[in-house]
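Here the sequence shown is numbered in this note's numbering, starting from 472 and rising by one per residue.
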Amino acid sequence: MGKLQDKVAIITGGASGIGAATAQLFVAEGAKVVLVDLNEEKGQAFVAELQAAGAKAIFIKANVTDENEVAAIYQTTIETFGKIDVLFNNAGIGRVTPTEELPYAEWRQTVNVDLDGVFLMAQAAIKEMLKVNSGTIVNTASMYGWVGSPGSAAYNAAKGGVINLTRSLALEFATRGIRVNALCPGFIDTPIIPEESKEPLRQVTPMQRLGQPEEMAKAVLFMACDDSTFMTGNTLTVDGGYTAQ
């Protein structure tokens, strides 16, 4: 029996990077997965790979900042699999723009995706989970939800918001069987990091390397499964020692 045997998990930002690595680990642990992403080509191709390997998986193209599209994600999930046990709230964006040059539209878009989208997906999940008083939510925050960095005001503000949203939801639903925790990754070796940026990021990480998506997936699995049944409102920082400096 896998750690998520017969559980149904929604993973946003599931077509690549941490989301895709988590989907692979979840299905290996017995879960049925619903992958949500804006990149339909990557998402459909990845789901086809999972299905070819015997996994029960579907892909939904959706924008997590759109209330109607979020509602459709849950409607399709319930129609397909009958329930929702786990939400991995992983969709996000981030740019480096000096504050004095930051257009308000870029600020709004970043906060909208990285914080508002997390709230909308969590709110919809909670409505379903309350029907059975059971469920787990893992939100992707960031080590930059704890510490600042130049040129990332919108991203850092949003991720700090995710951390406190996580705590607030955890306390609100602690007696209703719903656990809510957050992952705070450091610099992870995913396609969004340009090749020329990797060496400088290694140099500022105490472990002198980038994290791997598979390492993040293991942390998410821990928070999503019954290995962490007394853990809620917490953050798991997996950053190679960066925030210990």
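Glycine is no exception: its CB is placed at the ideal position from the N, C-alpha and C atoms.
- Query: Beta carbon of ASN583, beta carbon of ALA653: below 7 Å?
  - Reply: no
- Does the Cβ of MET592 have 16 or more other Cβ atoms within 10 Å, making it buried, or fewer, making it exposed? buried
- Message: Using the three-state DSSP reduction, which class does LYS554 fall into: helix, strand or coil?
- Response: coil
- Query: Which residue from THR607, ARG579, THR581, PRO656 puts its Cα closest to that of GLY712?
  - Reply: PRO656
- Spatial distance of ALA524 from GLN679 (CA atoms): 35 Å
- Item | Enclosing beta strand (DSSP E) for ARG647 [first to last residue] | Counting along the chain, ARG647 falls outside any beta strand (DSSP E), and DSSP gives it neither H nor E.
- Item | Bridge-paired residues (DSSP) for VAL505 | ILE481, ILE529
- Could you pull the start and end residues of the beta strand (DSSP E) that ILE659 belongs to? Here ILE659 belongs to no beta strand (DSSP E), and DSSP marks it neither H nor E.
- Query: Which one or two residues does DSSP pair with PHE559 in a beta bridge?
  - Reply: ILE482, VAL609
- Task: In the DSSP assignment, find the unbroken beta strand (DSSP E) run with VAL709 in it and report its ends.
- Result: 706–709
- Buried/exposed call for ILE561, threshold 16 Cβ in 10 Å: Per the sequence shown, the amino acid found at residue 561 is Asn instead of Ile. Buried is the call here.
- 8 Å contact criterion, which LYS474 and GLU500 should meet: CB distance rounded: 4 Å
- Message: Beta-carbon within less than 8 Å of GLN716's beta-carbon, same chain only, minus the 5 sequence neighbours each way: which residues are those?
- Response: PRO677
- Message: So the candidates are GLU666, THR700, ILE481, GLU540; which of them puts its Cα closest to the Cα of PHE497?
- Response: ILE481
- Item | DSSP three-state assignment for LEU654, whether helix, strand or coil | strand
- So, helix, strand or coil for GLY682, using DSSP? strand
- Query: Can you tell me whether DSSP reads MET614 as helix, strand or coil?
  - Reply: helix
- How many whole angstroms separate the CB atoms of PHE517 and ALA491, which I take to be in contact at a CB cut-off of 8 Å? 6 Å
- 7 Å Cβ cutoff met for ALA688 and VAL709: no
- Query: Which class does GLU599 belong to by DSSP, given the choice of helix, strand or coil?
  - Reply: helix
- Task: Go ahead and pull the three-state DSSP assignment for PRO677.
- Result: coil
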